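In what follows, a structure is listed as structure tokens, so that the remarks can point back to it.
Number of protein chains: 2
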Amino acid sequence: MTAEIHRLKGAAPSLDPIMRLVASDMNAVNAVILDRMQSQIPLIPELAGHLISGGGKRLRPMITLAAARLLDYPGTRQHKLAAAVEFIHTATLLHDDVVDGSDMRRGKRTANIIWGNPASVLVGDFLFSRAFELMVEDGSLKVLKILSNASAVIAEGEVDQLTAQRQVSTSEDKYLAIIGAKTAALFAAAARIAAVIAEREGEVEDALDAYGRNLGIAFQLVDDAIDYVSDEATMGKGVGDDFRDGKVTLPVILAYARGSAEERAFWHDAMMGRRISDDDLSHATALLAKHNGIADTLEHARHYGQRAIDALGIFPAGVAKAALVEAAEFAVSRAY
Amino acid sequence: MTAEIHRLKGAAPSLDPIMRLVASDMNAVNAVILDRMQSQIPLIPELAGHLISGGGKRLRPMITLAAARLLDYPGTRQHKLAAAVEFIHTATLLHDDVVDGSDMRRGKRTANIIWGNPASVLVGDFLFSRAFELMVEDGSLKVLKILSNASAVIAEGEVDQLTAQRQVSTSEDKYLAIIGAKTAALFAAAARIAAVIAEREGEVEDALDAYGRNLGIAFQLVDDAIDYVSDEATMGKGVGDDFRDGKVTLPVILAYARGSAEERAFWHDAMMGRRISDDDLSHATALLAKHNGIADTLEHARHYGQRAIDALGIFPAGVAKAALVEAAEFAVSRAY
């Protein structure tokens, strides 16, 4: 709990320190993003801007920027690369919302609802291509390798999740593999590339990768928990969305593994979309409580959050390290 | 008409010479494709293989390979890069079929019909990422720049086409800009990268780009014409598909521009999807005949095919040049 010395005792961890740390860098990243999402085809910046300026926290580029600060990297290469990371993330969000048929994200209607699936697919492709153009301009084959590999892994994770859809017997290990690919791979890459541009390869690169990867898993697990406890006002999407979509997340996996035959039959029917009324959701929530599905998911998240923090052990204390540590504490404290 | 000396007088131009020229290289490319479309997630090679082994002509990688032969390039880098080009093409086909809601391609049911839109979107993303991984392995930033730029241009062209959908007043220039982006950019890049690996930049690179770009436009225009005259047995899709989908292609643009007010009203209604019966298609075909819509589209295609051939003027005569010339002749003679 290194970061506690940097804030008032008992104050909740927040993203404020990391946001302050990278504020000027983030302005530069936002300028790159705004510039590079332009196109002679007006629909492209219109649709991309809806999502990009739509209240996202820019977590992944923030990690690239903070990691560059941690390493005292003196240059500006992180700006284009952080923008590339955000473009890859935005492209996957656009495609995810098509894949899931989502209608709300970050409290707004999704692009696929406003402009249709075809436009979302194609603008996602455009942003993905632009991400690679930015990396090519930067000129590091190593960065290109890290991010093209992460992109392939993300797509594999998404397909894996699609295959596992509604399969209530998905194992915990399988689920961790899926979120390790679809969510954590980009966090890991976002952190790792900072080591490459700072020419601190080897141990430093691996440590940053581990920080990003564990943080990404922690974030995803907390998201999965929040889906059963939050409301639309705080999350920008409704409680129980995952339940109604038949998404087999860790809370469900734990409750299913620990449940009676009768409970398992309920979960099976629910994930198949046959029991998704409000009453069913209440029943699901009761089962999750009975088996500690939410509490243990958050406990797992804390485990990964702590691993993220411990991965930073090799770095000297300082403002950047404290901000990264507090970001991990924030990740796992959001739902409390 | 350089190539005529290589075939019997009067024989129809064919792809046989270029296929013979690159046969051994294409085996190497196919091995890369098969190897790199693998994944631990079984759905990925299953879905990708359906399209990749589904009877496509591998035109774009063929052009990379033939251009490398034209330049007497002695190495093997073209194999991975040609596979990358085919992966980008396959990814765009998967996404196109989702965007268009297509149900048939190359005489088979489309992947989106068999496995659903979500899987097609995600496997497309996977192949696109794999394409970049292959390019990164090759290690040329210049090749990466050419192909990432082409990918962004393709996506822009697709979005532009989406915006122009059902707009019967689309101008000929606008249409040429769309197909220049969505189709010809990848042909141009496929040819251009051969110059990069053969270290023949400048004039040679520009000549190959021009060959590919003009050939791509010619191919697309002939495809547009064939859609109104062919049958499912030869094309793998039904006659009039573009008509029923409201796709405003050059034959329609010409007939609309040359038509009476009454005819224009018909085209408008047809492209809006309100007159797409078999009788309507017969009427459309009659209007195309009256205004030379098909004949002049093919004439335009021949113009671009000739420009492709002329772009090769700087290269010495030989088997490779003759094969590339005959490929362009084939492109514009398919519909006769």
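Going line by line, the protein sequences match chains A and B. The opening position of the first sequence corresponds to residue 1 in the numbering used here, with each subsequent residue numbered one higher. The opening position of the second sequence corresponds to residue 1001 in the numbering used here, with each subsequent residue numbered one higher. Beta carbons are placed, not taken as given, at the ideal position from N, Cα and C, and that holds for glycine. Keep in mind that this is a model prediction, so the values were computed, not measured.
Cβ neighbours of B:Ile1154 within its own chain (closer than 7 Å, five residues either side excluded): Thr1092, Ala1181, Lys1182, Ala1185 and Leu1186. Cβ-Cβ distances below 7 Å link A:Asp241 to Asp227 in the same chain, with the five nearest sequence neighbours on each side left out; the list follows chain order.
Beta-bridge annotation (DSSP): B:Lys1108 is paired with B:Arg1105.
Every alpha helix (DSSP H) stretch that sits fully inside the region 166-231 of chain A and reaches 4 residues is listed by chain position as 172-179, 185-197 and 203-226. Sorting B:Ala1152, B:Leu1288, B:Arg1106 and B:Pro1045 by C-alpha distance to the C-alpha of B:Tyr1256 places B:Leu1288 at the top. Scanning chain A for C-beta atoms nearer than 7 Å to the C-beta of B:Arg1130 yields Ala152, reported in chain order. Scanning chain B for C-beta atoms nearer than 7 Å to the C-beta of A:Asn149 yields Glu1133, reported in chain order.
Secondary structure note for B:Phe1243: its alpha helix (DSSP H) is the uninterrupted segment Asp1241 to Arg1244. Annotation for B:Tyr1256: the continuous alpha helix (DSSP H) segment containing it runs Leu1250 to Arg1258. Under the 8 Å Cβ criterion, the region 156-171 of chain A does not count as touching the region 104-124 of chain A, having fewer than three qualifying pairs. Judged by beta-carbon spacing, A:Met272 lies within the 8 Å limit of A:Arg166, meaning their Cβ atoms are closer than that value. At the C-beta level, A:Thr90 and A:Ile52 come within 8 Å of one another. Counting other Cβ atoms within 10 Å of its Cβ, A:Pro13 reaches 16 or more and is therefore classed as buried. Judged by DSSP in its simplified three-state form, B:Pro1017 adopts helix. Neighbours of A:Pro45 in chain B, taken as residues whose beta carbon is under 9 Å from its own, are absent, since the nearest beta carbon is some 11 Å off. Residue range Val1319 to Ser1333 is occupied by the alpha helix (DSSP H) that includes B:Ser1333. For B:Thr1297, the enclosing alpha helix (DSSP H) has its first and last residue at Gly1293 to Ala1311. Contact between the region 124-134 of chain A and the region 58-74 of chain A is absent: fewer than three C-beta pairs spanning the two stretches fall below 8 Å.
Taking the C-beta atoms as reference points, A:Thr297 is found nearer than 8 Å to A:Asp224.
Beta-carbon to beta-carbon, B:His1095 and B:Val1032 are separated by about 22 Å, too far to satisfy the 8 Å threshold. Nearest to B:Met1135 by alpha-carbon distance, out of B:Ala1084, B:Gly1116, B:Gly1101 and B:Leu1176, is B:Ala1084.
Comparing C-alpha distances from B:Ala1082 to each of B:Ile1113, B:Gly1116, B:Gly1101 and B:Val1022 shows the shortest one belongs to B:Val1022. 8 Å or more divides the Cβ of A:Ala150 from the Cβ of A:Ala331. Sorting A:Val98, A:Ala261, A:Asp16 and A:Asn214 by C-alpha distance to the C-alpha of A:Ile309 places A:Asn214 at the top. If you compare the alpha carbons of B:Arg1036, B:Val1252, B:Leu1281 and B:Asp1209 with that of B:Val1239, the shortest gap goes to B:Leu1281.
For A:Thr110, not one C-beta of chain B is nearer than 8 Å to its own C-beta. B:Ala1320 counts as buried, since no fewer than 16 other beta carbons sit within 10 angstroms of its beta carbon.
If you draw a straight line from the Cα of A:Asp269 to the Cα of B:Leu1254, it is about 56 Å long. One thing to note: A:Pro17 has its Cβ no nearer than 8 Å to the Cβ of A:Ala301. Take B:His1050, set aside five residues on each side of it, and the residues of its chain with a beta-carbon closer than 6 Å to its own are Ala1111, in chain order. For A:Lys145, the enclosing alpha helix (DSSP H) starts and ends at Leu141 to Ala164. Note that the C-beta distance between B:Ser1129 and A:Ala66 is not below 8 Å.
The beta carbon of B:Glu1172 is closer than 8 Å to those of Leu1250, Ile1253, Leu1254 and Ala1257 in its chain, skipping five residues each way along the sequence. With a cutoff of 8 Å on beta-carbon distance, B:Arg1105 and B:Glu1086 are scored as not near each other.
Closest option to A:Gln40, judged by alpha-carbon separation, among B:Arg1307, B:Ala1190, B:Ile1178 and B:Met1026: B:Ile1178.
Note on geometry: alpha-carbon atoms of B:Leu1312 and B:Lys1145 lie some 24 Å from one another.
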